[in-house]
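Worksheet for the structure shown next.
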Amino acid sequence: MAKGIWVFIEQSKGSIRKVSLELLSQGRKLADEKGEELAAVVLGQGVGALAGEAAKYGADKVFVADDAKLASYSTGAYTSVFAKLIRENEPNFVMIGNTAIGKDLAPRVATRAGVDVAIDCVAVEPDDANYVTLTRPIYAGKAFAKVVSSGARPVMATIRPNTFPVSEPVSRDAEVINAKVDVDPADLRTILKDLISQATGRPELTEANIIVSGGRGMKGPENYVILEELADCLGAAVGASRAAVDSGWREHKFQVGQTGKTVSPTLYIACGISGAIQHLAGMGSSKVIVAINKDPEANIFQVADYGIVGDLFQVVPALTEECKKLKA
Amino acid sequence: MNIVVLVKQVFDTEAKIVIGADGKIDDSNVTLIMNPYDENAMEEALLLKEKFGGEVIAVSVGAAKAQETLRTALAMGADRAVLVSDSAIQPASDDFAAAQALAKAVSELKPDIILTGRVAIDYGSKIAGRVAEILGIPHVNTITKLEVEGDNAVATREIDGGSEVIEVPLPAVFSAQKSLNNPRYPTVAGIMKAKKKELKTLTLADLGLDATVTGKMQIVGYSLPAGRKGGRVIPGEPAQAAAELARLLRAEAKII
């Protein structure tokens, strides 16, 4: 008999990533509604301390798999341990953040568990017949599909960062279960040879609360510095349109849109971006959109909450000055 | 070296999505293309073939018209193609079934390397890990570089905030990020040659599978995003407009 709701905990530098806190917070609400327990699943090395952290955000139970083989993420070892935990404990519903790790891990774990996984979900509604109904974007957000898993358990989903708010931490205890780490040799065939950090000091695009993004109107790679200055004042990530990436001004990993990343920040500031349909698909679910563009006819103004028709090379530095004044 | 490339036919990125009277996505009047990331996978396969020799086989699961996408793969330089097409499955949206069908088709081709796009831009499908799991071989997702050395491959994979260099024994599945390479365009000669290349269509029964491979998840409805309305345009000189915008973002939107 399947039971409980699980959240896969992703960590960064010894603390739980924001997306995992979002899932714990939402998982708590869902667990209360269902009258079930919420469990966190922590894999890593020296990660015991995260159990207490997970409890504060709502976990009743924390499965901890602590082992040198799990020190850094590897598809094989993580799949092996996570899938075994699922098989042995039969949860009803498993949520994983839709991050680089989540997107890699979830399809493989689901396949091993004999179920499907809904990717990049933006809504989770309790459902008596199917446990939950999930909403996920298709065509990068140009439309949405509601999906259910009528029979198979667990229902698995990766959830887009910034979908749920993080609740206030409360002091509470969770039962800690030390999971056996028994990795199939077949899952240890890959070797991590090198880990290259390209940290920009800015938040990850998909997790950022604010994104400052530049398109063709930036005129060249050297001009992104003005967006970076604004971003650093706002604590924002810097994105780019396909036009800018295709011109070689920014790396593809910063591209927002249907052939790049789909984002849902609280604030998206589009600078010199015309608003092609494939770009709008990738950022249309932002809470507030600001457009700065010299062309008053640009499509982007049709979706922007606030628009400034003007030269971004004057408006953006002026906005940075205003930001600095507000933060001072 | 035998290389299989998994390609998917998808709506063009410029396509506007319309929900038809039947409540489903309307696919009439839509231009269909090869999933853009699958083009990168195709290109990488062709580069490997140029270096090591062997055969490149494009494999897809889809409706009969997905043959067009496989013809494109053949025109780019694939040697032959296999389409799994069966009315019992909805491969566009059913990744579970698509992965079962693809894995079965692929296993019969005995490839050293399997390449595909990191994601399909229609249903967000991530097929690499699923197919690799069914085949019991490793996969590396979102690669930006691939080097083959004997029975191993070394791939650089994009992760949040950096990259990883991963060595895997072959056979293995790799999913391509855009920055892996620049896909070639089919030449006229390539298009002519493609017409004569082998394109086999198989049903689930041909693969020894039956309709029980169909999905574990069901789509119960489609919707379009709530339309956004243009808000207000802030007038004034740049400095003045910027000051007003900052004020509104703080006082009205309560963000900064």
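In order, the protein sequence lines correspond to chains E and P.
Be aware that the first sequence starts at 1, since it is given in my numbering, and climbs by one per residue.
Be aware that the second sequence starts at 1001, since it is given in my numbering, and climbs by one per residue.
We put the beta carbon where it would ideally sit given N, CA and C, even for glycine.
Item to complete: Under 8 angstroms by Cβ, that's how I've got E/F329 and E/I96 pegged, so tell me the actual separation to the nearest angstrom.
Response: In the structure as shown, chain E begins at 1 and stops at 328. Residue 329 of chain E is therefore absent and cannot be evaluated.
Worksheet item: What distance in whole Å lies between the Cβ atoms of E/A39 and E/F63, which are believed to be in contact at a cut-off of 8 angstroms?
Response: Right, their Cβ atoms sit about 6 angstroms apart.
Worksheet entry | Opening and closing residue of the alpha helix (DSSP H) in which E/Q314 lies | It spans 312–327 - the alpha helix (DSSP H) in which E/Q314 sits, taken as one unbroken run.
Fill in: Reduced DSSP category for P/S1125 - H, G, I as helix; E, B as strand; rest coil
Coil, per DSSP.
Item to complete: May I ask which residues mark the beginning and end of the beta strand (DSSP E) holding P/Y1037?
Response: From DSSP, P/Y1037 is part of no beta strand (DSSP E) but of the alpha helix (DSSP H) over 1036–1052.
Item to complete: Measuring alpha carbon to alpha carbon, tell me which of E/G257, E/A237, E/A236, E/L234 ends up nearest E/A244.
Response: Proximity to E/A244 across E/G257, E/A237, E/A236, E/L234 peaks at E/G257, based on C-alpha coordinates.
Practice prompt. Residues of the stretch 1109–1140 of chain P with a CB closer than 9 angstroms to any CB of chain E: list them in chain order, please.
Written response: Under the 9 angstroms Cβ criterion, the stretch 1109–1140 of chain P contributes R1118, V1119, I1121, D1122, Y1123, G1124, S1125, K1126, I1127, A1128, G1129, R1130, V1131, A1132, E1133, I1134, G1136, I1137, P1138, H1139, V1140.
Discussion item. Do E/T158 and E/D345 count as a contact pair if the criterion is CB distance below 8 angstroms?
Written reply: Residue numbering for chain E in the displayed model covers 1 to 328; residue 345 of chain E lies beyond these limits and cannot be assessed.
Discussion item. Can you tell me where the beta strand (DSSP E) holding E/M95 begins and where it ends?
Written reply: Element bounds for E/M95: 93–97.
Worksheet item: Which chain B residues sit within Cβ distance under 8 angstroms of E/C323?
Response: Among the protein chains in the structure shown, which are E and P, there is no chain B.
Worksheet item: When DSSP labels each residue in this structure, what does E/I300 get in the three-state scheme?
Response: In the structure shown, E/I300 sits in a helix (DSSP, three-state: H, G or I).
Discussion item. Per the DSSP calculation, P/S1223 is bridged to which residue(s)?
Written reply: Residue pairing of P/S1223 in beta bridges, as defined by DSSP: E/F144.
Fill in: alpha helix (DSSP H) runs contained entirely in the stretch 61–141 of chain E, provided each spans 4 or more residues
As far as the stretch 61–141 of chain E is concerned, its whole alpha helix (DSSP H) runs of at least 4 residues are 75–89, 100–113.
Fill in: Where E/F254 falls: helix, strand or coil (DSSP)
Residue state, collapsed to three classes: helix.
Worksheet entry | In DSSP terms, what P/H1139 is bridged to | BP columns for P/H1139 point to P/V1173.
Worksheet item: Cβ of E/L195 versus every heavy atom of the ligand SAH: is any distance shorter than 7 angstroms?
Response: The ligand SAH is not among the ligands present in this structure, which contains no ligands whatsoever.
Practice prompt. Take P/V1213 and list the residues in its own chain whose beta-carbon comes closer than 6 angstroms to its own, dropping the five residues that flank it on each side.
Written response: Excluding sequence neighbours, P/V1213 sits near A1097, Q1100.
Worksheet item: Considering only residues of the same chain and omitting the five flanking positions on each side of E/L85, which have a CB-CB separation below 8 angstroms?
Response: So the list reads V41, F63, A65, A179, once near-sequence residues are dropped.
Discussion item. If I follow the unbroken alpha helix (DSSP H) through E/I191, where does it start and stop?
Written reply: Taken as a continuous stretch (DSSP letters only), E/I191 belongs to no alpha helix (DSSP H), being part of the beta strand (DSSP E) at 191–197.
Worksheet item: Helix, strand or coil: which one does DSSP assign to E/L205?
Response: Three-state DSSP puts E/L205 in coil, outside helix and strand.
Discussion item. I'd like to confirm the pairing. Which residues does DSSP put opposite E/K261 in its beta bridges?
Written reply: DSSP, once it has assigned bridges, lists E/V256 as partnering E/K261.
Fill in: C-alpha distance - E/Y224 paired with E/M218, whole-angstrom precision
About 7 angstroms.
Item to complete: For the beta strand (DSSP E) containing E/F8, list its first residue and its last residue.
Response: Residue range 5–9 is occupied by the beta strand (DSSP E) that includes E/F8.
Fill in: Buried or exposed (CB count within 10 angstroms, at least 16 for buried), E/V170
Flag for E/V170 reads exposed.
Worksheet item: Does the count of Cβ pairs from the stretch 1127–1134 of chain P and the stretch 1164–1181 of chain P closer than 8 angstroms reach three?
Response: With the cut-off at 8 angstroms, the stretch 1127–1134 of chain P and the stretch 1164–1181 of chain P touch.
Discussion item. Let me check understanding here. Comparing Cα to Cα, which of P/I1191, P/D1022, P/V1018, P/E1039 lies closest to P/V1030?
Written reply: When P/I1191, P/D1022, P/V1018, P/E1039 are compared, the shortest CA-CA separation from P/V1030 is found for P/V1018.
Fill in: 7 angstroms Cβ cut-off: residues of chain E touching P/K1216
Per Cβ cutoff of 7 angstroms: V115, D116, S149, A152.
Practice prompt. Please work out which residues of its chain come closer than 8 angstroms, Cβ to Cβ, to P/K1049, disregarding the five sequence neighbours upstream and downstream, and give them in chain order.
Written response: Correct list, in chain order: M1001, I1003, E1055, V1056, G1077.
Practice prompt. Could you work out which residue in P/A1211, P/T1201, P/R1118, P/R1071 is closest to P/A1194 when comparing CA atoms only?
Written response: Distances from the CA of P/A1194 to each of P/A1211, P/T1201, P/R1118, P/R1071 were compared; the closest alpha carbon is that of P/R1071.
Practice prompt. Please compile the residues from chain E whose C-beta is within a distance smaller than 8 angstroms of the C-beta of P/L1249.
Written response: Using a Cβ-Cβ cut-off of 8 angstroms, P/L1249 is close to L267, V288, V290, Y306 of chain E, given in chain order.
Worksheet item: How would you write the range of the beta strand (DSSP E) that E/V30 sits in, first residue to last?
Response: A quick correction: the sequence has Leu, not Val, at residue 30 of chain E. Not the beta strand (DSSP E): E/L30 falls in the alpha helix (DSSP H), residues 18–34.
Discussion item. Against P/V1154, what residues of chain E qualify as contacts under a CB-to-CB distance less than 8 angstroms, listed in chain order?
Written reply: Chain E residues near P/V1154: K193.
Worksheet item: Taking Cβ-Cβ distances shorter than 7 angstroms, what residues in chain E pair up with P/A1241?
Response: Residues of chain E whose Cβ lies closer than 7 angstroms to the Cβ of P/A1241 are, in chain order, I308, G310, V315.
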